[in-house]
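Trainee:
Residue numbers (the working numbering): 4 to 336.
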């Protein structure tokens, strides 16, 4: 199992770079960041410095979207980083939540997302692609490689992931839901004539190492609110008891009354009071290292290839170091 570190690009960028360097020293293979231009600093600028200050770490957004940048700009940015640092990027992509909503736009449609996945990958790898009806190619790309991993929850998005993406990003660490969603992605891949096992599965969730579970829950409760934004969209689209989405995912948002993106992804988010302890425990990894190892072994047995640690809480260095000392050696390949 690989391990990734997920951060927000809060200033100063030097701290983000420092934490990523620390992660690489501790055995992490991937460095991810949020991508929301209004809320945080521009991640691709920061990636250049992370790549320059690390040796093997792969970087990318968790996640970008097809709406805040034109597709050829996104592809060219990835391809430039790959040319400079040797194909060490991954394009995590989704419909767009905070990046689009904070700017007053609606998340992208799945149809547009599917077209973007193909176009961005083709352009970044030197092939011709169509963008808004125009055929184009980046003539300077040589030996480019850009895996595109899609974030998804709902049935149509999971199916699109299986048909189009090189990897699947699932932003929660509940084994029951992971099994359900990985199966949906792989079934869609098989139906599309693809090798289901060739799709990389990445589970991303907060991890907090320590014995004070009450404190850990409060530091990670924000995550249930973030996931709740996507679940609310699914309920609006499919209905509360449609059978299209597991009730284990939809039941807890009944108390959700709204969401303030100014606190998005941050400990102490006041918009997440509705998230019960049970959901925090199910979606996150909390407790001593042994508890993390046990849950990660269960996820690995379900086909998870990477666990990406959301490290937005008051124990960032402690968590990175604990994973490097105890968790990664127990599970790393």
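Even glycine gets a Cβ: it sits at the ideal position worked out from N, Cα and C. What you are looking at is a predicted structure, and each value in this text was computed from that prediction instead of being measured.
Would you mind listing the alpha helix (DSSP H) stretches within the region 156-209 that are 4+ residues and don't spill past its ends, in chain order?
Mentor: You should have 158-167, 178-194.
Trainee: Taking residue 290 as part of the beta strand (DSSP E), name the residues at either end of that continuous run.
Mentor: Here the beta strand (DSSP E) through residue 290 covers 288-290.
Trainee: Just checking my contact of residue 326 with residue 6 at CB under 8 Å: how many whole Å lie between their CB atoms?
Mentor: Going by Cβ atoms, the distance from residue 326 to residue 6 rounds to 7 Å, so yes, they are a contact pair.
Trainee: Note down the Cα distance separating residue 135 from residue 182, rounded to an integer number of angstroms.
Mentor: Approximately 37 Å, taken between the alpha carbons.
Trainee: Measure the C-alpha to C-alpha separation of residue 276 and residue 225 and round it to an integer number of angstroms.
Mentor: Residue 276 and residue 225: Cα-Cα distance of roughly 9 Å.
Trainee: Does the region 48-67 come within contact of the region 17-37, defined as at least 3 CB pairs closer than 8 Å?
Mentor: Enough Cβ pairs lie closer than 8 Å, so yes.
Trainee: Closer than 7 Å by C-beta to residue 3: which residues in its own chain qualify, once you throw out the five before and the five after it? Chain order, please.
Mentor: No answer is possible for residue 3: the residues shown for the chain start at 4 and end at 336.
Trainee: Counting only the same chain and skipping the five closest in sequence on each side, list residues whose C-beta sits under 7 Å from that of residue 230.
Mentor: 174, 175, 286.
Trainee: One question on the structure: do residue 202 and residue 170 come within less than 8 Å of each other, judged by their Cβ atoms?
Mentor: Against a cut-off of 8 Å, the Cβ pair of residue 170 and residue 202 comes out as a contact.
Trainee: Identify, in the order they occur along the chain, each residue of the same chain with its Cβ nearer than 8 Å to the Cβ of residue 60, setting aside the five sequence neighbours on each side.
Mentor: Result list for residue 60: 23, 26, 27, 31, 32, 33, 34, 53, 54, 91, in chain order.
Trainee: Quick check: the Cα distance between residue 104 and residue 198, rounded to an integer number of angstroms?
Mentor: Near 35 Å, if we compare the C-alpha coordinates of residue 198 and residue 104.
Trainee: Nearest-angstrom Cα distance between residue 188 and residue 96?
Mentor: Distance between the alpha carbons of residue 188 and residue 96 is about 16 Å.
Trainee: Judging by CA-CA distance, which residue of 94, 221, 207, 111 is the nearest neighbour of residue 168?
Mentor: The residue with the shortest Cα to Cα distance from residue 168 is 94.
Trainee: CA-CA distance, residue 309 and residue 4?
Mentor: Roughly 5 Å between the two C-alpha positions.
Trainee: Taking three-plus beta-carbon pairs below 8 Å as touching, is the region 154-161 in contact with the region 69-86?
Mentor: The answer is no - the region 69-86 does not touch the region 154-161, with fewer than three Cβ pairs under 8 Å.
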